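As structure tokens, the structure follows; a few thoughts come after it.
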Amino acid sequence: MSANSQSGPSLPPLLKGHACLPGIDPVSVALEGAASGSFGAGDLLWSLDTHRAAAAVVLEPEIPLEKAAVMPLVMMVAIGDALGAIGPPNLGITFRWPFTILANGAGIGEASLRFPADADPKTTPSFIVVGFDLALEPDPSVEPGEDYRHTALHLEGCGDIGAIDILEAVARHFTAWVDTFGESGFASAHESWMFRADHQPGSEISEPCSGRFIGLDEDGGLLVDISGKTRCFPLWEAAQ
Numbered sequence: 335m336s337a338n339s340q341s342g343p344s345l346p347p348l349l350k351g352h353a354c355l356p357g358i359d360p361v362s363v364a365l366e367g368a369a370s371g372s373f374g375a376g377d378l379l380w381s382l383d384t385h386r387a388a389a390a391v392v393l394e395p396e397i398p399l400e401k402a403a404v405m406p407l408v409m410m411v412a413i414g415d416a417l418g419a420i421g422p423p424n425l426g427i428t429f430r431w432p433f434t435i436l437a438n439g440a441g442i443g444e445a446s447l448r449f450p451a452d453a454d455p456k457t458t459p460s461f462i463v464v465g466f467d468l469a470l471e472p473d474p475s476v477e478p479g480e481d482y483r484h485t486a487l488h489l490e491g492c493g494d495i496g497a498i499d500i501l502e503a504v505a506r507h508f509t510a511w512v513d514t515f516g517e518s519g520f521a522s523a524h525e526s527w528m529f530r531a532d533h534q535p536g537s538e539i540s541e542p543c544s545g546r547f548i549g550l551d552e553d554g555g556l557l558v559d560i561s562g563k564t565r566c567f568p569l570w571e572a573a574q
């Protein structure tokens with residue numbers, strides 16, 4: 335079996351942990367299990383790989399997919415809060431739309447979103463899977479200093495922080511943010527995501543198109559000023 339129930343990390347009461355062997359993608363296992371009915375809301379798949387902190391949680395939203403698609407952004411906010419709490423003071427965590435997570439300006443990983451292939455953005459999906467994957471150690475195939483676009487947490491002053499530490503902290507902050515989302519929607523997480531945005535409003539961006547970054551809409555879509563006209567890139571489409 336690729337996943338099994340295991341005591342592992344200390345998780346909030348609403349989450350049930352299942353360990354995945356190194357080399358097995360927790361997101362893929364969660365997606366397959368949710369589709370088959372083996373996993374449901376609150377099941378959290380986490381990797382035993384000590385070189386990365388990777389996990390995925392199954393959610394069963396009560397809102398349309400285009401609204402629920404903000405949950406990876408909520409996960410990113412939780413990761414920022416978690417690393418801010420357990421990491422060193424000089425660790426700067428920022429975000430790049432849609433799901434890239436950076437430490438001190440270089441990529442350390444990303445959040446992710448998966449949902450049923452036949453899901454319609456205007457209807458409520460039977461489930462979604464929200465995941466994250468963060469590098470603890472650098473890619474051994476890359477020579478030091480060769481790739482300045484990517485880094486690892488252990489290179490950014492987090493050498494004493496392990497995957498379990500991150501998983502526990504992220505799980506705590508994520509469940510708190512999910513509660514906030516349930517009470518008041520995306521507004522608070524939107525503000526926190528924008529606070530950590532790698533690009534500030536008015537700055538030039540080149541992906542997914544060239545233009546000026548405006549911000550995010552109420553559903554997490556990217557707003558870009560292109561030659562004086564505002565274009566929105568829906569978040570749920572970016573996850574496909």
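Each residue of the sequence shown is one higher than the last, beginning at 335 in the numbering used here. Glycine included, each C-beta is placed from N, C-alpha and C at the ideal position. Keep in mind the model is a prediction, meaning the values are calculated, not measured.
For the pair cysteine 354 and serine 540, the Cα-to-Cα distance works out to about 36 Å.
The segment 481-492 and the segment 390-405 do not touch, with fewer than three beta-carbon pairs separated by less than 8 Å. Annotation: the segment 400-469 contains the following complete segments of the beta strand (DSSP E) (minimum length 3 residues), in chain order: 427-430, 434-437, 440-448 and 462-469. By the beta-carbon neighbour count (other beta carbons within 10 angstroms, threshold 16), phenylalanine 529 is exposed. When only Cα atoms are considered, proline 474 and histidine 385 end up about 11 Å apart. Between leucine 382 and proline 356 the beta-carbon gap is near 5 Å, inside 8 Å, which marks them as a contact. About 5 Å separates the Cβ atoms of glycine 376 and leucine 349, confirming a contact at the 8 Å cut-off. Assigned with DSSP and collapsed to three states, glycine 367 falls in helix. When secondary structure is reduced to three states using DSSP, leucine 487 falls in the helix class.
Counting every other CB atom within 10 Å of its CB across the protein chains shown gives glycine 367 a total of 16 or more, marking it as buried. For arginine 530, there is no enclosing alpha helix (DSSP H), since its DSSP letter is neither H nor E. Glycine 555 is classed as buried because its beta carbon has at least 16 other beta carbons within 10 Å across all chains shown. With 16 or more other Cβ atoms from the protein chains shown falling within 10 Å of its own Cβ, serine 446 counts as buried. With a 10 Å radius around the Cβ and a threshold of 16 neighbouring Cβ atoms, glutamate 502 comes out buried. Assignment of leucine 379 by DSSP, reduced to helix, strand and coil, places it in the strand class. Assigned with DSSP and collapsed to three states, glycine 549 falls in strand. Between leucine 550 and the set Leu417, Gly342, Ile413 and Phe433, the nearest pair of CA atoms involves Phe433.
Assignment of beta-bridge partners to isoleucine 397 by DSSP yields no partner.
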